[in-house]
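Novice: If you read the sequences in order, they're chains A, B, C and D.
Mapping of the first sequence onto our numbering: residues 2 to 342, in sequence order.
Mapping of the second sequence onto our numbering: residues 2 to 342, in sequence order.
Mapping of the third sequence onto our numbering: residues 2 to 342, in sequence order.
Mapping of the fourth sequence onto our numbering: residues 2 to 342, in sequence order.
There are 4 protein chains.
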Amino acid sequence: MLSFENDYNVGAHPKLLQRLAETNLEPQTGYGLDGFCAAAKDKIKLACGCPEAEIFFLTGGTQTNQVVIDAVLQRYEGVVAAQTAHIALHEAGAIEFSGHKVLELPSHDGKVCASELKTMMERFYGDDSHEHMVCPGMVYLSFPTELGTLYSKAELTELNAVSREYDLPLFIDGARLGYGLMSRENDLTLPELASLCDVFYIGGTKVGALCGEAVVFPHGNMPKHFLTRAKQHGALLAKGRVLGVQFDALFTDNLYFEIARNAIERAEETKAVFREKGCRVWKETPTNQQFLIIADSDLPRISSQVAYSFWEKYDDSHTVIRLVTSWATTKEQVAQLRNIL
Amino acid sequence: MLSFENDYNVGAHPKLLQRLAETNLEPQTGYGLDGFCAAAKDKIKLACGCPEAEIFFLTGGTQTNQVVIDAVLQRYEGVVAAQTAHIALHEAGAIEFSGHKVLELPSHDGKVCASELKTMMERFYGDDSHEHMVCPGMVYLSFPTELGTLYSKAELTELNAVSREYDLPLFIDGARLGYGLMSRENDLTLPELASLCDVFYIGGTKVGALCGEAVVFPHGNMPKHFLTRAKQHGALLAKGRVLGVQFDALFTDNLYFEIARNAIERAEETKAVFREKGCRVWKETPTNQQFLIIADSDLPRISSQVAYSFWEKYDDSHTVIRLVTSWATTKEQVAQLRNIL
Amino acid sequence: MLSFENDYNVGAHPKLLQRLAETNLEPQTGYGLDGFCAAAKDKIKLACGCPEAEIFFLTGGTQTNQVVIDAVLQRYEGVVAAQTAHIALHEAGAIEFSGHKVLELPSHDGKVCASELKTMMERFYGDDSHEHMVCPGMVYLSFPTELGTLYSKAELTELNAVSREYDLPLFIDGARLGYGLMSRENDLTLPELASLCDVFYIGGTKVGALCGEAVVFPHGNMPKHFLTRAKQHGALLAKGRVLGVQFDALFTDNLYFEIARNAIERAEETKAVFREKGCRVWKETPTNQQFLIIADSDLPRISSQVAYSFWEKYDDSHTVIRLVTSWATTKEQVAQLRNIL
Amino acid sequence: MLSFENDYNVGAHPKLLQRLAETNLEPQTGYGLDGFCAAAKDKIKLACGCPEAEIFFLTGGTQTNQVVIDAVLQRYEGVVAAQTAHIALHEAGAIEFSGHKVLELPSHDGKVCASELKTMMERFYGDDSHEHMVCPGMVYLSFPTELGTLYSKAELTELNAVSREYDLPLFIDGARLGYGLMSRENDLTLPELASLCDVFYIGGTKVGALCGEAVVFPHGNMPKHFLTRAKQHGALLAKGRVLGVQFDALFTDNLYFEIARNAIERAEETKAVFREKGCRVWKETPTNQQFLIIADSDLPRISSQVAYSFWEKYDDSHTVIRLVTSWATTKEQVAQLRNIL
């Protein structure tokens with residue numbers, strides 16, 4: 002059974018497993034205070050061009066969004082995000098669980114737009130009753146977005162400018178960061194991205210790790226007592242080394258970027274297959290997620306041979322499905338997909 | 002540097018790493034719905050003698066306590082626990098973060114006492130103003146306790162009886178469950194323990210896994226939408242397989258119990274060393290944690306050779322330290338400790 | 002200075018003050034267990050035609066919405082409401098503060114539409130990943146809405162049918178209930194409204210009381226331990242009698258309805274004034290709130306003579322203002338308004 | 002039926018009702034921004050000797066404790082209080098509901114002791130694992146305490162010193178502040194009390210008002226966006242004037258203190274009655290609450306003639322009851338009580 006279901010359907014890149022095995026019996030202190038975490042942080046700072054960055058390792062994406070947003074916001078503030086944002090739709094209300102409203106902006110192919118953010122802020126402060134409303138306290142965006150699209154350097158720069166104007170910390174969810182950075186259409190370097198936001202995370206779960214996300218506060222601006230806050234959310238791993246060893250491996254010899262590039266190359270090949278086969282494309286993206294419109298009558302045949310993600314109903318007789326490549330997708334798998342389609 | 006600091010200072014039992022490597026590239030669906038989790042659940046049900054049990058894998062102890070307690074309690078209820086309970090002292094307020102008070106009972110070497118629980122309940126319902134107080138909604142205990150002690154079958158049976166009388170679900174934190182079950186002083190089997198409570202968890206992090214706790218609702222009594230609730234807490238792992246593979250390995254060929262026995266045997270040896278060396282013992286326990294009183298003047302020498310945990314100040318010139326064995330502790334390490342002491 | 006600013010700009014109807022004075026020194030037990038609350042509940046049950054109703058008095062509207070929604074929802078559920086709903090916009094995130102997402106439906110003049118609710122539910126359950134989303138757990142609507150509009154009996158019946166189909170409790174925010182019931186366009190009686198929902202409240206603050214809202218669970222379906230839940234929200238008044246005495250007076254001799262009718266009659270007169278004066282109307286409503294478009298250049302003159310509410314900017318040179326009548330508005334005040342416009 | 006049940010068993014002082022009636026139809030803006038609130042704040046500042054104070058009116062005691070504590074604390078912090086504190090025992094978990102742990106100190110007749118607070122703080126910061134514990138973030142005490150006792154100026158000064166040392170805001174719950182200040186044993190003036198804490202509230206509900214508590218931040222140190230925070234808790238009254246008018250009246254012509262003195266004088270008379278009648282006193286206090294030990298066999302007779310509060314069981318055949326005087330208690334009522342005892 003072929004799987005293009007998602008980018009977390011297999012384990013970890015073999016080098017990470019190898020390093021876990023090699024370091025397995027070295028005693029280390031817990032809770033992320035170990036030497037592996039320290040080494041990984043140094044390498045990440047270097048890759049981000051942020052010597053003053055503060056870094057914290059968490060386990061998964063929803064957890065990271067919840068912990069970061071709750072730590073950055075004041076109690077009475079909400080987080081601005083696209084209507085299609087993961088935090089708005091697919092995190093079971095984890096942000097609201099910690100007390101904060103997700104203030105939605107329209108989605109433009111998964112992205113928020115600086116001018117609409119500015120209008121939201123002007124309206125908020127222009128409203129006589131804004132003290133009775135949820136105060137926008139930070140901006141969330143994802144890179145790549147949930148729809149596989151990317152912010153350009155110009156777009157991110159504009160968003161950063163509005164954020165600065167209204168003193169809104171800008172948070173980039175990088176669950177798939179590697180796939181965004183290695184996209185052929187991307188014009189942002191990691192240091193540029195780091196300099197244009199207040200906090201972001203480097204996704205491990207979807208880019209080669211068993212689990213793990215590296216939260217980066219690039220300007221040494223980690224909220225105080227972040228470890229305590231993470232613990233309070235149940236998010237502090239006793240064996241923090243598990244995350245440290247993996248991120249240390251991912252940021253050794255450019256591994257994170259090399260394996261992300263694989264997903265992009267395989268994605269480009271799947272797009273060529275779709276064109277060749279005349280597939281009806283719902284959305285073609287510059288990263289590792291592609292969306293096809295499939296007749297419902299064809300679904301049983303396809304789903305018996307390839308695992309995909311249901312996205313949404315297109316109409317009464319068609320469905321949008323998502324096909325995802327990852328660091329682990331092989332040329333052979335793309336060839337098999339071609340045969341099935 | 003020798004480490005008796007805690008039971009999470011090294012990685013995972015090699016068989017778990019081996020299984021993670023062997024299964025690494027098999028595509029599986031996410032969020033714990035994979036085949037490895039299913040297999041692990043079957044083996045755990047068998048070990049617990051609970052064919053109707055419902056099982057869910059989470060990542061760490063504090064997270065598990067928070068998710069379980071919040072899922073079992075009504076919004077206005079609190080959880081009863083010993084003053085020394087992990088949830089009362091060392092989880093950074095994770096229970097209160099999710100809105101629930103920890104209602105404290107006296108600690109008897111880390112244990113709560115059935116008669117004091119009964120008195121608490123009688124007083125609560127006997128108080129005219131109890132509708133203005135936090136309603137006790139479940140009982141939390143740990144096996145072994147935070148002080149390494151154990152409930153006997155008689156004690157747990159009594160607690161179960163009071164719980165039944167007041168309709169209080171009984172929750173056993175089994176972060177170190179293996180070490181309790183394999184203790185020479187333990188008189189409870191895993192099926193007995195399962196039958197005497199409403200929910201418990203089998204600790205993996207401290208007993209051979211990289212991370213992972215298996216929550217067991219032995220009577221098919223898992224709260225509805227538990228997956229959604231876990232997600233809302235940021236506790237749902239995308240690659241649930243990581244936990245499934247490990248627990249599958251731990252419950253294959255009795256591994257969980259075999260490696261737990263190692264910690265107990267090494268603990269017995271350390272206790273013999275303490276007696277031989279005339280160490281001043283603060284608390285000797287039947288499980289894998291031992292507590293010594295050390296003159297502050299000796300601490301620098303000891304801490305330069307062996308990692309331990311600070312427990313508390315004993316008096317102006319002495320400190321209580323904790324020495325912990327684990328599944329990974331070797332006879333050689335105990336011998337080295339003997340030399341140092 | 003004339004005030005059409007809102008319907009809470011003066012104190013209480015004189016009969017309520019008189020009853021507060023008459024009963025002032027009668028000792029009564031606290032927390033709503035007094036005789037005045039009991040008498041008020043009996044009268045409200047009679048007015049609602051619900052002998053089995055359970056009733057609880059709270060102090061204000063946002064508080065009532067928060068307490069009721071949090072008591073009715075399961076922890077992981079959200080509340081469906083119009084984008085313009087008070088809980089979505091103007092309660093400072095009180096619903097999210099208690100952990101629940103507001104799931105927004107389009108607003109049709111402030112109202113939600115049964116077919117769109119049904120579509121939302123079909124989509125939710127039709128989505129493979131709905132366990133990762135916020136589960137709709139109840140429906141909130143306001144009668145009259147925040148825009149002064151009303152649900153017809155047919156509309157409410159349809160909403161009730163969808164609610165039944167999906168087991169969604171239906172909650173009606175009746176902060177201005179009296180003004181809705183007494184509107185000339187209204188075709189619902191209070192007993193009909195009560196029978197078509199699962200919980201509603203009868204607003205006192207905006208209809209003649211100093212403060213106070215009467216929450217009615219018409220089918221004897223008040224969540225257990227509601228007093229404790231209210232207390233936990235800080236919403237339980239020690240001198241519950243203050244609310245009991247006022248609601249007892251409001252539901253004696255039809256007072257609640259009589260004084261609500263006054264607001265409607267004065268509102269009809271203001272609408273006649275607007276027509277006569279050729280005012281540019283943004284929204285004319287069948288209840289006590291009217292919305293005008295005013296040139297910004299006229300605002301200083303108007304605002305020096307009459308207090309109104311800013312609603313929103315209409316365009317670069319016009320503003321929407323809201324003019325509100327209440328139980329206390331007099332014919333003389335409408336005449337003065339006429340002179341000013 | 003005579004009532005010594007509590008100090009909230011009747012309505013408001015007649016002068017407050019009179020002022021509510023006199024001001025009833027003056028239109029005012031909502032949410033505490035009206036002229037009555039402004040006037041009341043000015044008078045309170047004067048009484049407190051704090052020209053720079055910031056003041057906010059809330060409705061009840063539990064609500065005030067919840068809003069203030071949640072606004073002052075960081076998310077991960079807890080509040081230190083006596084085991085007998087209202088927030089620890091009798092607020093249905095309102096503090097935990099908003100996410101904060103109540104960190105308990107021993108009660109000395111309802112009071113916390115500066116040296117024990119200091120020891121708690123030393124232990125906390127001396128513990129290697131304090132980042133895994135709840136950080137004490139403020140101190141709560143009540144004046145008078147829940148047991149009717151008082152802090153002396155020396156005791157409060159010591160507590161203030163420890164608070165300063167550890168940067169712990171000191172919060173005084175003054176639900177019965179007037180009764181404390183007017184006690185014959187009290188050696189603190191209101192300005193002294195204000196200068197020795199960071200926030201306190203002046204209780205209205207128990208001292209002459211229908212409802213209402215005035216929160217005072219004496220050093221101009223009100224947390225930002227306090228109105229929004231209050232609203233988020235459902236604690237913002239639309240008709241803030243109701244609180245403003247009452248506090249304006251209470252702080253006109255010394256009324257608050259005069260009526261508080263009545264409660265103290267009547268309490269002194271009840272104590273004389275107890276001595277004369279040889280009643281078994283459980284606790285005699287310098288304020289308006291007295292506690293007697295009554296044989297259970299006598300309770301039916303007493304409770305048929307006088308309303309009191311059950312406090313706790315004393316032993317198998319005796320009960321502790323509480324008898325409370327208030328601003329409204331008359332000499333005649335004390336005489337009647339004498340006859341009954």
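All residues carry an ideal CB built from backbone N, CA and C; glycine is no exception.
(1) Using DSSP's beta-bridge definition, name the partner residues of residue 295 (chain C).
(2) Quick one: what's residue 136 (chain A) bridged to in DSSP?
(3) Using a beta-carbon distance cut-off of less than 7 Å, what residues from the segment 223-238 of chain A approach chain D?
(4) I need the DSSP call for residue 249 (chain D), collapsed to helix, strand or coil.
(5) So residue 319 (chain D) contacts chain B; which residues on that side make the cut at Cβ distance below 8 Å?
(6) Would you list, in chain order, the members of the segment 67-82 of chain C that have their beta-carbon closer than 8 Å to a beta-carbon of chain D?
(7) Which value, in whole angstroms, describes the spacing of the CA atoms of residue 281 (chain B) and residue 192 (chain D)?
(8) Would you list, in sequence order, the uninterrupted beta strand (DSSP E) runs of no fewer than 3 residues that lie entirely inside the segment 46-79 of chain A?
(9) From the beta carbon of residue 39 (chain C), is the nearest beta carbon of chain D less than 7 Å away?
(10) Along the chain, which unbroken stretches of the beta strand (DSSP E) at least 3 residues long are found entirely within the segment 146-199 of chain D?
(11) Which residues in chain B sit within 8 Å of residue 330 (chain A), going by Cβ to Cβ distance?
(12) Say whether chain C places a C-beta atom closer than 7 Å to the C-beta of residue 132 (chain B).
(13) Give a yes or no on whether the minimum CB-CB distance between residue 201 (chain B) and chain D is below 7 Å.
(14) Output, in chain order, the set of chain B residues within a Cβ distance shorter than 7 Å of residue 280 (chain C).
(15) Taking only beta-carbon atoms, is residue 13 (chain B) less than 7 Å away from chain D?
(16) If contact is defined by three or more beta carbon pairs under 8 Å, each pair taking one atom from either stretch, is the segment 283-291 of chain A in contact with the segment 177-188 of chain A?
(17) Take residue 45 (chain B) as the anchor and find which of B:225, B:226, B:70, B:245 has the nearest alpha-carbon.
(18) Is it right to say residue 126 (chain A) is buried, meaning 16 or more other beta carbons lie within 10 angstroms of its own, or is it exposed?
(19) Would you mind telling me which residues of chain A sit closer than 9 Å to residue 136 (chain D), beta carbon to beta carbon, in chain order?
(20) Measuring only the C-alpha atoms, how far is residue 130 (chain A) from residue 59 (chain C)?
(21) What did DSSP end up calling residue 36 (chain C) once you bin it into helix, strand or coil?
(22) In whole angstroms, what is the alpha-carbon distance linking residue 218 (chain B) and residue 20 (chain B)?
(23) Any idea if residue 306 (chain A) is buried or exposed, counting beta-carbon neighbours within 10 angstroms, 16 or more meaning buried?
(24) Classify residue 224 (chain A): buried if its beta carbon has 16 or more other beta carbons within 10 angstroms, exposed otherwise.
(25) Please list, in chain order, all residues of the same chain as residue 188 (chain D) whose beta carbon is under 7 Å from its beta carbon, the five residues on each side excluded.
(26) Taking 7 Å as the threshold (C-beta atoms), are residue 73 (chain D) and residue 118 (chain D) in contact?
(27) Give a yes or no on whether the minimum CB-CB distance between residue 100 (chain A) and chain C is below 7 Å.
(28) Among residues of its own chain, excluding the 5 on either side of residue 1 (chain D), which ones have a beta-carbon nearer than 7 Å to its beta-carbon?
(29) Report the option in A:26, A:185, A:340, A:43 whose CA atom is closest to the CA atom of residue 210 (chain B).
(30) Do residue 376 (chain A) and residue 83 (chain A) have their C-beta atoms closer together than 7 Å?
(31) Closer than 7 Å, CB to CB, is residue 287 (chain D) near chain C or not?
(32) Give the DSSP-derived three-state secondary structure of residue 204 (chain C) in the structure shown.
(33) Determine the chain D residues that contact residue 90 (chain B) at a beta-carbon separation under 7 Å, and present them in chain order.
(34) Please look up how many angstroms separate the CB atoms of residue 135 (chain C) and residue 79 (chain C), rounded, as I've assumed it's under 8 Å.
(35) For residue 286 (chain D) and residue 124 (chain D), what's the separation of their Cα atoms in angstroms?
Specialist: Taking the geometry as given:
(1) According to DSSP, which records beta bridges pairwise, residue 295 (chain C) is partnered with C:320.
(2) DSSP output for residue 136 (chain A) lists A:78 as bridge partner(s).
(3) Sequence-ordered contacts of the segment 223-238 of chain A with chain D read 226, 228, 229, 230, 232, 233 [C-beta pairs closer than 7 Å].
(4) Reduced to three states, the DSSP call for residue 249 (chain D) is helix.
(5) Ordered by position in chain B, no residue passes the 8 Å Cβ test against residue 319 (chain D), which lies about 14 Å from the chain.
(6) Listed in chain order, the positions of the segment 67-82 of chain C with a beta carbon within less than 8 Å of a beta carbon of chain D are 67, 68.
(7) The straight-line gap from Cα to Cα measures roughly 55 Å.
(8) For the segment 46-79 of chain A, whole beta strand (DSSP E) runs of length 3 or above, ordered along the chain, are 55-59.
(9) Chain D places no beta carbon closer than 7 Å to that of residue 39 (chain C), leaving this residue out of the contacts.
(10) Correct list: 171-174.
(11) Under the 8 Å cutoff, chain B gives no residues; its nearest Cβ is about 10 Å from residue 330 (chain A).
(12) Residue 132 (chain B) counts as touching chain C.
(13) Judged by the 7 Å Cβ criterion, residue 201 (chain B) is not in contact with chain D.
(14) Those do not exist, as residue 280 (chain C) stays about 49 Å from chain B at its closest Cβ, beyond 7 Å.
(15) Closer than 7 Å: no.
(16) Three or more pairs of CB atoms, one per stretch, sit closer than 8 Å, so the segment 177-188 of chain A contacts the segment 283-291 of chain A.
(17) Of the candidates B:225, B:226, B:70, B:245, the one whose C-alpha sits nearest the C-alpha of residue 45 (chain B) is B:245.
(18) So residue 126 (chain A) counts as exposed.
(19) Correct list: 226, 229.
(20) Rounded to the nearest angstrom, the two C-alpha atoms are 23 Å apart.
(21) In the structure shown, residue 36 (chain C) sits in a helix (DSSP, three-state: H, G or I).
(22) Annotation: residue 218 (chain B) to residue 20 (chain B) spans about 26 Å, alpha carbon to alpha carbon.
(23) The residue in question, residue 306 (chain A), is exposed, as its Cβ has fewer than 16 Cβ neighbours within 10 Å.
(24) It counts as buried.
(25) Excluding sequence positions up to five before and after residue 188 (chain D), its CB lies within less than 7 Å of the CB of 153, 154, all in the same chain and listed in chain order.
(26) In this structure, the beta-carbon distance from residue 118 (chain D) to residue 73 (chain D) does not fall below 7 Å.
(27) Yes, residue 100 (chain A) lies at the interface with chain C (some Cβ there is under 7 Å from its Cβ).
(28) The shown model of chain D, from 2 to 342, leaves out residue 1 (chain D), and the question about it has no answer.
(29) Selected option, being the one with the closest Cα: A:26.
(30) The structure shown does not extend to residue 376 (chain A), since chain A is modelled only from 2 to 342, so the question has no answer here.
(31) Chain C contact via Cβ: absent.
(32) Residue 204 (chain C): strand per DSSP, three-state reduction.
(33) Within chain D, the residues placing a beta-carbon under 7 Å from that of residue 90 (chain B) are 134, ordered along the chain.
(34) The Cβ separation is near 4 Å, so the contact holds.
(35) Note on geometry: alpha-carbon atoms of residue 286 (chain D) and residue 124 (chain D) lie some 33 Å from one another.
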